[in-house]
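A quick write-up on the structure given underneath.
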Amino acid sequence: MNMRTKVIDRILKVFIWICTAFTVSILLFIVVYIISKGIRFVNWELLSTNYSSYKRTYGILPMIVSTLYLIGMTLLISTPLGILTSIYLTQYAKPGKVLSSIRFAIECLAGIPSIIYGLFGLVFFVQTLRFGASMLSGALTLTIMVLPTIIRATEEALLTVPLSYKEGSLALGASKRRTIFKVVLPSAITGIISAIILSVGRIVGESAAVMLTAGSAANFPKSIFEPGATLTVQLYYMATEMPKIFHPTLTAEDLTYAIATVLIVLTLIINLSATFTGTFIKNKQIGKGK
Amino acid sequence: MNKLKFDIKNLDLFYGDQQALFDVNLDIYEKEVTALIGPSGCGKSTFLKTLNRMIDLNEECKIRGTILLDGQNIYDKYNLVFLRKNVGMLFQKPNPFPMSIYENVAYGPKTHGIKSKKALDEIVEKSLRNAALWDEVKDSLNKSGLSISGGQQQRLCFARVLAVNPSVILMDEPTSALDPISTTKIEDLIDELKKDYTIIIVTHNMQQAARISDRTAFFLLGKIIEYDNTDTIFNTPGNKKTEDYITGRFG
Amino acid sequence: MNIEQNNEEKFIKLKEKSTPSEKLFELMLLFCASLSVLAVVTITIYLFYRGAPVIFKVGVNNFIFNTEWAPLSVPPSFGILPMIVASITATICAVAFGVVIGIMTAVYLAELAPRWLARILRPAIDLLAGIPSVVYGFWGLAVIIPLIRKVFGDDNPGNSLLAVIIILSIMILPTIINLSETSLRAVPIAYKEGSLALGSTQLQSVFKVQIPAAKSGIIASVVLGIGRAFGETMAVVMVAGNAVQMPESFLSMVRTLTGGIVIEMNYSEGLHKDALFGIGVVLFIFIMIINLVLNKMLKKKVIR
């Protein structure tokens, strides 16, 4: 190993360390900065009161409810749809025009930016179908957005199920459908749950598409046909408009940091759930438990 | 002499354009152990799979000829579910489902319509007993089927097959992945079970074939070279190729 | 009962007769799967239906190459060139920056990091990946903008192309790192061992053998990053300044294509609103081209 190689090696290594340090410090900076400035304002009052500039209460309960509404409705539709599609793709489809067009379509859906989904949702669900800016329009739009994620992750999970399970079941006289639902799907449950949790993360973090379809009204959605600003939409509104807050101790800035903190903590919880549920279920399956 | 269980005539099998089985003719007799021996890759496992129509799973597979089970052609208007219930299969690598031991054994009967817990409990116990596994797992039926040893897993798969009450059991090298002690246990099991079941076993292990089977068929490159009583095959083989294989000159 | 074979039908049909309920089930599955195709087709049609006529009305050349965006003046002008330039510049710079830092970090995680450290860093980067874009935008507003003003002088608004580039690079880091690291770790150890056995240093093996072997995954991650940067809306809008003007320097305020759509959407109507859809069409075409071209490049490279 000559001198030149040694020097280049050294320089490269330092460069790599710098890049990594940059990545890690940026992460820490963002998370720590926001949480440190916002955590003290995240209290029960914030999380449980309504947001009404009229009544001068500045809680984010409506936003939490809107976000939960959207998560629930979106998962309700997209999960079965995604799983059934994956089952078709991995267990039934034969190579050919049909299969490639479906795969191509899923690739396309995955690549479309959220603003375009927002535009489509606006034109189609809100206006043409007359659902108006509502939880329903938001959920339907989010369903399409989240579908590729669920399909891909479920497909991957299904493909890791050993062929021998299928063979064993079929050799006992079970039908293909029974084999899929009683043996293959349960084996793939870890991957499927990861897919769902990933989607929850996406839904929570989405803003552009939701803003255009579920509205930015800070009210409490009482039905699926009512609009409601989610946490992200509310954060956007507060950060860009800095409205006047008539509160004895809170400023708009404090509130904004608080919402951002809640979002980061939520993201953290979602990520941790993904890791832990996966390991928990897997252990149960191989019998580390009872 | 026992009744004819499987009557296989002029069986040809193709994978795409490649022919894998050439004019196979075989008579399998009831309540006997028939061993299929021969070097690897010469079609024994493929042949086994034609008997319970597991080759249907392979899209490129084409076959020609007749396979009669109890006198009926299994490829012509024969109920597939009934066929697979009647002709069970044990695979080379034990493949218990990722469920509890109880659920593994109960899977088959449940599939075929048995719902009552009492009936299922009985079937599970009976099958596990017949598979010589009951004493070892009776207190831990809720444990995962994957948490027991390889030899126990294979016996679990055995119990699973027995639970659907077949009349034939196909075995594809069932002990090749197991240790010697588990192998002996399975071989003892086969010896016990042949009183009630017709067993066809593919094996690489010639000593195993000699030990447990009544008849042996020697496969080479997709053809049956010789088929006779096990004693005859191993002691006074009629065909030179058989003799070469038995004595280890090739394979 | 011996069955005589039909001489014309040499082979026995192995296809098991599906019961009607099985057939119905398969049909239902096919229906679900086709919904994805239906979705893509519907989205494309609606988008073009709403946005294409405007482009032709205004004139394709005029729409794309005109530098004046003044939808509310009389007569209105719908030139989106400044937005196109802003989007392209921001994306290219952000990707350049993000790819270098991202791949280097991926190398660190895959090769140089001690195991315990890697195990902490990976979920940390996943966290970065999951943070909502408005949070990034907000942080950009709170930290980056004042920083730019401090460095470059108070008379600068801070909201600028530079801010957009910085935020975008940070946002695409996790995407690039994740996929690149996975690809690197998927390279068979045999390659690395072969190289080391010939006397290379660890880093030489990484750059000369492992990275080329992981090429397709790394390129895929870059394509994903490009897509993300080009399509990002909220974070960009929060720090860009959003004046529709040809960027003169990195400190100019800019408006990207994505920002262009979302900012005026709420109060626009008629031709103006259609023009926003027109921007959507242009954005859509850009993204499709990026994905198709780069994926083709990927396939070519892999086959070679």
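For the protein sequence lines, the chains are H, E and X, in the order given.
Residues in the first sequence are numbered from 2 upward in steps of one, following my numbering.
Residues in the second sequence are numbered from 17 upward in steps of one, following my numbering.
Residues in the third sequence are numbered from 1128 upward in steps of one, following my numbering.
Just so you know, even glycine gets a beta-carbon here, dropped at the ideal spot from N, CA and C.
Give me the Cβ distance between residue i and residue j, rounded to the nearest whole Å; I'm assuming they're in contact under 8 angstroms.
i	j	result
Thr303 of chain H	Tyr1235 of chain X	This structure leaves residue 303 of chain H out entirely; chain H is present only between 2 and 291.
Glu48 of chain E	Arg231 of chain E	6 angstroms
Met1 of chain H	Thr231 of chain H	Only positions 2 to 291 of chain H appear in the structure, and residue 1 of chain H is not among them; the question remains open.
Phe1175 of chain X	Val1409 of chain X	With 8 angstroms as the limit, Phe1175 of chain X and Val1409 of chain X do not qualify as a contact, their Cβ atoms being about 11 angstroms apart.
Leu42 of chain E	Ala233 of chain E	6 angstroms
Tyr89 of chain H	Leu1156 of chain X	4 angstroms
Under 9 angstroms, Cβ to Cβ, is there at least one residue of chain C near residue i?
i	result
Phe30 of chain E	Note that chain C does not occur in the displayed structure, where the protein chains are H, E and X.
Kindly indicate the opening and closing residues of the alpha helix (DSSP H) around residue i.
i	result
Val40 of chain E	It is not in any alpha helix (DSSP H) - Val40 of chain E instead sits in the beta strand (DSSP E) that spans 34–45.
Tyr237 of chain H	232–242
Arg1434 of chain X	Shown here, chain X extends from 1128 to 1431; a query on residue 1434 of chain X therefore has no answer.
Lys38 of chain H	4–39
Asp155 of chain E	Per DSSP, Asp155 of chain E belongs to no alpha helix (DSSP H) and is neither H nor E.
Val180 of chain E	Note, Val180 of chain E: premise wrong, no alpha helix (DSSP H); not H, not E.
Ile164 of chain E	It is not in any alpha helix (DSSP H) - Ile164 of chain E carries neither H nor E in the DSSP assignment.
Asp1253 of chain X	1242–1257
Asp260 of chain E	256–262
Met136 of chain H	136–160
Quick one: what does DSSP say residue i is sitting in, helix, strand or coil?
i	result
Ser116 of chain E	strand
Glu48 of chain E	coil
Thr232 of chain E	strand
Thr214 of chain E	strand
Phe30 of chain E	strand
Tyr1176 of chain X	helix
Lys65 of chain E	helix
Gly87 of chain E	coil
Gly57 of chain E	coil
Glu1131 of chain X	With a pLDDT of only 41 at Glu1131 of chain X, under the threshold of 50, the placement of this residue in the model should not be trusted; the figure read from the coordinates follows. DSSP places Glu1131 of chain X in coil when its eight states are reduced to three.
Tyr94 of chain E	coil
Glu1195 of chain X	coil
Asp1401 of chain X	helix
Arg80 of chain E	strand
Asn284 of chain H	helix
Glu242 of chain E	strand
Phe226 of chain H	coil
Lys21 of chain E	strand
Thr80 of chain H	helix
Thr180 of chain H	helix
Ser1307 of chain X	helix
Val43 of chain H	coil
Ile113 of chain H	coil
Gly1368 of chain X	strand
Tell me where the beta strand (DSSP E) around residue i begins and ends.
i	result
Glu75 of chain E	Note, Glu75 of chain E: premise wrong, no beta strand (DSSP E); not H, not E.
Leu173 of chain H	Run containing Leu173 of chain H: none; DSSP gives neither H nor E here.
Gly104 of chain E	103–106
**Prompt:** Looking at chain X, which residues of the region 79–92 of chain E have a Cβ within less than 7 angstroms of any of its Cβ atoms?
**Reply:** Contact annotation: in the region 79–92 of chain E, residues whose CB is within less than 7 angstroms of a CB in chain X are Ile79, Arg80, Thr82, Gly87, Gln88, Asn89, Tyr91, Asp92.
**Prompt:** Just by C-beta distance, which residues in the region 32–47 of chain H are closer than 9 angstroms to chain X?
**Reply:** With the criterion set as a beta carbon lying under 9 angstroms from some beta carbon of chain X, the members of the region 32–47 of chain H are Val32, Tyr34, Ile35, Lys38, in sequence order.
**Prompt:** Are the region 168–185 of chain H and the region 200–215 of chain H touching, with three or more C-beta to C-beta distances below 8 angstroms?
**Reply:** No: fewer than three Cβ pairs fall under 8 angstroms.
**Message:** Counting beta carbon pairs with one atom in the region 41–58 of chain E and one in the region 232–242 of chain E, are three or more of them shorter than 8 angstroms?
**Reply:** yes
**Request:** Kindly confirm or deny that the region 137–152 of chain H and the region 68–84 of chain H touch, where touching means at least three C-beta pairs closer than 8 angstroms.
**Result:** yes
**Asked** Is the region 43–56 of chain H touching the region 1257–1273 of chain X in the sense that three or more CB pairs, one from each, lie closer than 8 angstroms?
**Response** no
**Item:** Chain-ordered residues of the region 109–127 of chain E with a beta carbon less than 7 angstroms from chain H
**Value:** Lys109, Asn111, Phe113, Pro114, Tyr123, Gly124, Thr127
**Sufficient close CB pairs (3 or more, under 8 angstroms) joining the region 191–202 of chain H to the region 95–114 of chain H** = no
**Prompt:** Can you list, in chain order, the residues of the region 211–235 of chain H whose Cβ is nearer than 7 angstroms to any Cβ on chain X?
**Reply:** Leu213, Thr233
**Message:** Output needed in chain order: residues of the region 115–139 of chain H with a Cβ under 9 angstroms from some Cβ in chain E.
**Reply:** Cβ contacts with chain E: none found.
**Sufficient close CB pairs (3 or more, under 8 angstroms) joining the region 1312–1326 of chain X to the region 1388–1406 of chain X** = no
**Prompt:** Would you call the region 248–266 of chain H and the region 28–40 of chain H touching, i.e. three or more CB-CB distances under 8 angstroms?
**Reply:** Because the criterion of three Cβ pairs below 8 angstroms is met, the region 248–266 of chain H and the region 28–40 of chain H touch.
**Request:** Check whether the region 148–161 of chain E touches the region 69–89 of chain E, counting contact only when three or more Cβ pairs, one atom from each stretch, lie closer than 8 angstroms.
**Result:** Cβ pair count under 8 angstroms is below three, so no.
**Prompt:** What residues in the region 1146–1158 of chain X bring their beta carbon closer than 7 angstroms to a beta carbon of chain E?
**Reply:** Cβ contacts with chain E: none found.
**Contact between the region 1329–1343 of chain X and the region 1364–1380 of chain X (3+ Cβ pairs under 8 angstroms)** = no
**Message:** I want to know whether the region 1266–1276 of chain X touches the region 277–285 of chain H - three or more CB-CB distances under 8 angstroms.
**Reply:** no
**Asked** If you pair each beta-carbon of the region 136–151 of chain E with each one of the region 192–205 of chain E, do three or more pairs fall below 8 angstroms?
**Response** yes
**Message:** Counting only Cβ-Cβ distances shorter than 9 angstroms, please list the residues of the region 1248–1267 of chain X near chain H, keeping chain order.
**Reply:** Leu1248, Pro1250, Ala1251, Ile1252, Asp1253, Leu1254, Leu1255, Ala1256, Gly1257, Ile1258, Pro1259, Ser1260, Val1261, Val1262, Tyr1263, Gly1264, Phe1265, Trp1266
**Message:** Tell me which residues of the region 182–196 of chain H have at least one Cβ-Cβ distance to chain E shorter than 8 angstroms, keeping chain order.
**Reply:** Lys183, Val184, Pro187, Ser188
**Prompt:** Using 8 angstroms as the Cβ pair cut-off and three pairs as the minimum, do the region 174–193 of chain E and the region 99–110 of chain E touch?
**Reply:** These segments touch.
**Request:** Would you check if there are 3 or more beta carbon pairs closer than 8 angstroms linking the region 1269–1286 of chain X to the region 21–41 of chain E?
**Result:** no
**Meets three-Cβ-pair contact criterion under 8 angstroms: the region 1175–1190 of chain X and the region 1149–1166 of chain X** = The region 1175–1190 of chain X is not in contact with the region 1149–1166 of chain X.
**Request:** Give, in chain order, every residue of the region 1161–1176 of chain X whose Cβ lies closer than 9 angstroms to some Cβ of chain H.
**Result:** Ser1161, Leu1162, Ser1163, Val1164, Leu1165, Ala1166, Val1167, Val1168, Thr1169, Ile1170, Thr1171, Tyr1173, Leu1174, Tyr1176
**Message:** For the pair the region 1296–1303 of chain X and the region 1221–1230 of chain X, tell me if three or more CB-CB distances fall below 8 angstroms.
**Reply:** The region 1296–1303 of chain X, when compared against the region 1221–1230 of chain X, does touch it at the 8 angstroms Cβ threshold.
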